[in-house]
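Residue numbering for the sequence shown follows this note's numbering, beginning at 7 and increasing consecutively. Encoded as structure tokens, the structure appears first; notes follow it.
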Amino acid sequence: MISELVVDVQLKEVSIAVLEDKSLVELQKEVRNVSFAVGDVFLGKVKKLMPGLNAAFIDVGYPKDAFLHYLDLGPNFNTQQKFLKQALSSDPKKFPVLSKWPILPETGKEGSIGDMLKPGQEVLVQIAKEPISTKGPRLTSELSFAGRHLVLIPFADRVSISTKIILTEERVRLRQLIQSIKPKNFSVIVRTSAEGKRVAELDQELKTLLKRWDDSIAKLPKAKSPSVILEETGRTVALLRDIFNPSFQHIHVNDPDVYRDVHDYVSLIAPGREDIVQHYKGEIPIFDTFGITKQIKSLFGRTVNHRGGAYLIIEQTEAMHVIDVNSGNRTKGSNEQEQTAMDVNTAAADEIARQLRLRDLGGIIVIDFIDLAEPANRQKLFDHITQAMASDRAKHNILPLSKFGVMQITRQRVRPSMSIDTSESCPTCFGTGTTKQPSILFTDSLEGKIDCLVNKHHLKKFTLHLHPYVAAYVNKGFFPLSWKWRTRFSFQLKVIPDQSLGLLECRFYDSDKNEVDMKKEEKGLNPQQDLKPCEG
7 MISELVVDVQ
17 LKEVSIAVLE
27 DKSLVELQKE
37 VRNVSFAVGD
47 VFLGKVKKLM
57 PGLNAAFIDV
67 GYPKDAFLHY
77 LDLGPNFNTQ
87 QKFLKQALSS
97 DPKKFPVLSK
107 WPILPETGKE
117 GSIGDMLKPG
127 QEVLVQIAKE
137 PISTKGPRLT
147 SELSFAGRHL
157 VLIPFADRVS
167 ISTKIILTEE
177 RVRLRQLIQS
187 IKPKNFSVIV
197 RTSAEGKRVA
207 ELDQELKTLL
217 KRWDDSIAKL
227 PKAKSPSVIL
237 EETGRTVALL
247 RDIFNPSFQH
257 IHVNDPDVYR
267 DVHDYVSLIA
277 PGREDIVQHY
287 KGEIPIFDTF
297 GITKQIKSLF
307 GRTVNHRGGA
317 YLIIEQTEAM
327 HVIDVNSGNR
337 TKGSNEQEQT
347 AMDVNTAAAD
357 EIARQLRLRD
367 LGGIIVIDFI
377 DLAEPANRQK
387 LFDHITQAMA
397 SDRAKHNILP
407 LSKFGVMQIT
417 RQRVRPSMSI
427 DTSESCPTCF
437 GTGTTKQPSI
447 LFTDSLEGKI
457 DCLVNKHHLK
467 KFTLHLHPYV
477 AAYVNKGFFP
487 LSWKWRTRFS
497 FQLKVIPDQS
507 LGLLECRFYD
517 SDKNEVDMKK
527 EEKGLNPQQD
537 LKPCEG
């Protein structure tokens with residue numbers, strides 16, 4: 007599998023696409039200069055205590071107060087508070103050094119927020135979840151500084167090894183190695199990517215993380231709450247830090263400044279591989295060049311096509327995301343109904359795993375699969391989607407299918423779910439309405455209709471009427487799109503320009519020049535193939 011990273015930098019937004027064998031599997035969008043990203047550290051002030059929730063609202067400068075639960079204070083909160091009080095002192099001679107600081111006894115999990123915090127108290131906090139909808143950020147007082155191989159956690163003193171590192175010898179080696187190089191009063195989590203790494207590489211990263219800690223606390227004497235103490239690494243570099251692996255072949259960036267940042271980071275974490283970072287200078291938008299725009303248009307609508315004419319309908323409610331699996335124009339004879347349902351469900355499971363990762367859907371997800379009569383098939387489907395989601399870095403939990411064919415999934419939500427409007431201004435009425443279907447997918451819909459007419463309704467000769475602009479596009483070139491359709495489906499087709507049609511309208515006529523009733527033919531088609539031109 008070939009992995010590529012494509013970074014589209016615009017004036018107000020940065021879009022980052024992850025491709026696996028040219029297929030879009032992950033898309034991140036970040037508003038440039040965002041002030042409340044996950045990982046940012048703030049000096050905040052307690053605004054209000056909520057004993058009923060055992061939590062507090064903290065002012066970190068966001069319009070909505072941030073939420074801090076008692077359990078997110080961490081077991082070493084008292085040590086941190088004592089350290090913070092000393093660090094806020096204006097006397098540089100009394101500035102504390104954490105490696106020499108006494109660690110107080112840990113607090114229990116059953117305590118009360120009122121015993122730990124008071125209104126007006128200053129606290130050092132980190133963004134754990136970005137603001138979502140009407141909610142402010144969620145905070146934690148357990149600060150952490152993530153690197154490629156290690157995560158540094160101040161105010162504790164232990165070493166934890168990723169459970170994905172299985173070999174006992176390697177776990178012992180890494181634990182002893184980190185214990186020998188880490189300073190006192192710092193915990194270190196060893197990430198999976200550290201497996202097999204040498205002392206020099208891990209020591210260098212640990213020093214980099216310690217410098218980030220030192221640079222952060224150095225700002226405290228002059229800080230006034232609420233204020234930012236540390237901003238997380240840029241989203242491009244942060245994403246690269248989390249997903250970079252030897253399978254990456256290319257990283258394409260269309261901005262010179264971001265290109266230099268990414269180039270420097272790759273040279274740091276993978277010396278000798280910085281040549282995979284390439285500065286894109288083409289005139290065509292970078293997402294168009296790599297076929298990403300078309301994939302976004304086809305994948306982020308309410309309806310999503312997948313193999314064999316089947317499709318998904320994805321809806322978001324206030325409480326959860328709901329996904330409905332439909333067989334589309336798949337045949338369902340009585341003798342093969344169970345196998346057809348299994349085939350559609352299996353293909354849908356692969357696409358659902360991709361969509362959850364692509365849209366970064368979180369919270370509760372309910373999936374209505376096509377009913378399966380055999381318990382063994384229900385178990386196979388559960389095993390299949392579990393395997394399909396194994397590469398998802400977000401924490402998730404999957405429950406087996408119920409007897410009604412419903413599956414429940416919970417998935418970690420850190421950032422807002424990805425939502426992209428795929429409708430466009432209507433070209434027929436000059437923008438007073440919108441088209442549900444993006445124009446870039448119009449020819450795909452035509453191909454789906456032709457497939458249905460030829461293979462399901464056995465029409466081998468017909469005429470297609472299109473708007474003159476679209477007809478010219480379909481017929482252009484030495485091997486035009488119309489020729490490819492004829493070759494693929496083995497039928498006779500004539501494309502006729504028709505000025506009376508809208509840009510996204512079409513009409514089919516059979517060999518007797520009778521118009522084919524597409525409403526009747528569309529009953530077995532995916533709703534996304536509906537070519538209704540305008541809603542407005």
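Virtual Cβ for every residue (Gly too), placed ideally from N, Cα, C.
Check                                                                                                        : Outcome
Alpha-carbon spacing of V205 relative to L183, whole angstroms                                               : 7 Å
Completely contained alpha helix (DSSP H) runs for the segment 330-378, where each covers 4 or more residues : 343-365
Nearest-angstrom Cα separation, counted from G411 out to D374                                                : 6 Å
Limits of the unbroken beta strand (DSSP E) element including P503                                           : 498-503
Three CB pairs or more closer than 8 Å across the segment 58-65 and the segment 117-127                      : yes
Sufficient close CB pairs (3 or more, under 8 Å) joining the segment 194-212 to the segment 227-239          : no
Opening and closing residue of the alpha helix (DSSP H) in which V205 lies                                   : 205-223
Range of the contiguous beta strand (DSSP E) that encloses Y515                                              : 512-516
Rounded straight-line distance, which links the Cα of D377 to that of E342                                   : 13 Å
Segments assigned beta strand (DSSP E), at least 3 residues, entirely inside the segment 54-116              : 61-65, 72-75
Enclosing alpha helix (DSSP H) for I187 [first to last residue]                                              : 174-187
Limits of the alpha helix (DSSP H) - the one that N481 falls within                                          : 474-481
Neighbour-count burial assignment, Y271, 16 or more Cβ in a 10 Å radius                                      : buried
Given 8 Å, three or more beta-carbon pairs between the segment 105-115 and the segment 24-38                 : no
Under the three-state DSSP convention, the category D6 falls into                                            : Limits of the chain in this structure are 7 at one end and 542 at the other, which puts residue 6 out of reach.
For K386, three-class secondary structure by DSSP                                                            : helix
Exposed unless 16 or more other CB atoms sit within 10 angstroms - verdict on I484                           : Checking the sequence shown, residue 484 turns out to be Phe, not Ile. Burial call: exposed.
CB contact flag (Q86, S147, <9 Å)                                                                            : yes
Under the three-state DSSP convention, the category T323 falls into                                          : coil
Short Cβ contact (9 Å threshold) for V259 with V31                                                           : no
Identified DSSP bridge partners for L470                                                                     : V501, F514
Backbone CA spacing between K500 and K300 [nearest angstrom]                                                 : 27 Å
Counted within 10 angstroms of its Cβ, other Cβ atoms place K188 as buried (16 or more) or exposed           : buried
Cβ contact (3+ pairs, closer than 8 Å) linking the segment 449-462 and the segment 479-495                   : yes
Inter-residue Cα distance where the pair is K91 and K401                                                     : 35 Å
Member of F83, Q127, V15, D46 whose CA lies at the smallest distance from the CA of K53                      : Q127
Close beta carbons around N383, own chain, < 6 Å, minus the five adjacent residues each side                 : M348
Cβ-based neighbour list, F296, same chain, cut-off 6 Å, excluding 5 preceding and 5 following                : V12
Residue nearest to S9 in terms of C-alpha spacing, selected from D356, V234, L216, V283                      : V283
Alpha-carbon to alpha-carbon, D389 and D398                                                                  : 15 Å
Euclidean distance between Cα positions of T438 and Y317                                                     : Note that T438 has pLDDT 49, beneath the 50 cutoff, so the model's placement of it is unreliable and the number below is only indicative. For T438 and Y317, the distance between alpha carbons rounds to 30 Å.
Integer-rounded CB distance, given that T392 should sit under 8 Å from N403                                  : The Cβ separation is near 10 Å, so there is no contact.
Boundaries (first-last residue) of the alpha helix (DSSP H) holding R417                                     : First-last for R417: 412-417, but that is the beta strand (DSSP E), not the alpha helix (DSSP H).
Residues bridged to F4 (per DSSP)                                                                            : This structure does not reach residue 4, given that the chain is present from 7 up to 542, and the question cannot be answered.
Beta strand (DSSP E) segment containing H285, residue limits                                                 : 283-285
Buried or exposed by the 16-neighbour rule on C-beta atoms within 10 Å, applied to L464                      : Looking at the sequence itself, residue 464 is His, so the reference to Leu does not match. Result: exposed.
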